[in-house]
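To start, the structure itself, in structure tokens.
In our numbering, the protein residues as written are 225 to 306.
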């Protein structure tokens, strides 16, 4: 499972145009974490610090009230400084 696909899924889970009752940021991240921690799936990212970057990304994305599209800016910022 790609971290990029999980990011797009997170956006869909939070989008009111897609779901009548979109998930909150913390609830959407709980769903994403269930995919990331699935024992039979491997999560793919980009080396060498993908796991660390995306762990930080999902912590930030779970912030209550955060704008859903902010995830893109957060990833860019984390990649610049990791």
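Yeah, the Cβ is synthetic: ideal placement off N, Cα and C, and Gly gets one too.
Since the structure is predicted, the reported quantities are computational estimates derived from the model, not experimental observations.
Run through DSSP, which three-state label would residue i get?
| i | result |
| --- | --- |
| residue 235 | helix |
| residue 226 | strand |
| residue 247 | coil |
| residue 298 | helix |
| residue 292 | coil |
How long is the line joining the alpha carbons of residue i and residue j, rounded to whole angstroms?
| i | j | result |
| --- | --- | --- |
| residue 242 | residue 233 | 11 Å |
| residue 248 | residue 281 | 16 Å |
| residue 303 | residue 277 | 7 Å |
In or out: residue i buried (at least 16 other Cβ within 10 Å) or exposed?
| i | result |
| --- | --- |
| residue 262 | exposed |
What does residue i pair with, by DSSP beta-bridge criteria?
| i | result |
| --- | --- |
| residue 281 | Answer is none; residue 281 lacks a bridge partner. |
| residue 268 | 226 |
Which whole-angstrom value describes the C-beta separation of residue i and residue j, a residue pair presumed to lie in contact below a C-beta threshold of 8 Å?
| i | j | result |
| --- | --- | --- |
| residue 250 | residue 238 | About 11 Å; that fails the 8 Å criterion. |
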